[in-house]
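*Asks:* Below are the structure tokens for one structure; questions will follow.
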Amino acid sequence: YSAPFGLAAEYASPIEVMFLGIGTVSAPILWCAITQDLHVLTMYIWIVLRLFQAIDAHSGFDFPWSLHKFVPMWAGADWHDTHHEKFIGNYSSSFRWWDIMMDTQSGPEAAKKRRERKLAKAAKSA
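As numbered in our numbering, the sequence shown has no gaps in its residue numbers, which increase by one up to the final residue, 181.
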């Protein structure tokens, strides 16, 4: 069963949680390092918002309030669903540009671009 379920987005191994936790708490820690001031309520609100983002990315639904409708390069459920469908590529649940930059895009358009690049490289070397 490969379809993601939003509330299970936080289910992961302890090692994965440590690495993913860095992305979740790094912004408040950086804020604290710069301003020397961080209220515990701010940290709680930030973590709750990140949880909502993870649930949204794994929900499989394109809600009207989804972040990718407001932030152009935000990945969202439609992008991340392809990752769960094929388990190859589209690893980002936040920013699409990571997958574009690392060439880990998945789907028919990405496969076509990769094929064209491979043919162009073969034609150039021949």
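Even for Gly, the Cβ is constructed at its ideal location relative to N, Cα and C.
As the structure is a prediction and not an experimental result, all values here were calculated from the model.
Is W129 helix, strand or coil when you go by DSSP?
*Replies:* Reduced to three states, the DSSP call for W129 is strand.
*Asks:* Does the contact criterion of 3 or more C-beta pairs under 8 Å hold for the stretch 136 to 155 versus the stretch 92 to 99?
*Replies:* Verdict: no, contact absent.
*Asks:* Start and end of the alpha helix (DSSP H) containing A67?
*Replies:* Where A67 is concerned, there is no enclosing alpha helix (DSSP H), given that its DSSP letter is neither H nor E.
*Asks:* To the nearest angstrom, report how far apart L104 and A175 are at their CA atoms.
*Replies:* About 44 Å.
*Asks:* Going by DSSP, what residue range makes up the alpha helix (DSSP H) through K124?
*Replies:* Unbroken run through K124: none, as it is neither H nor E.
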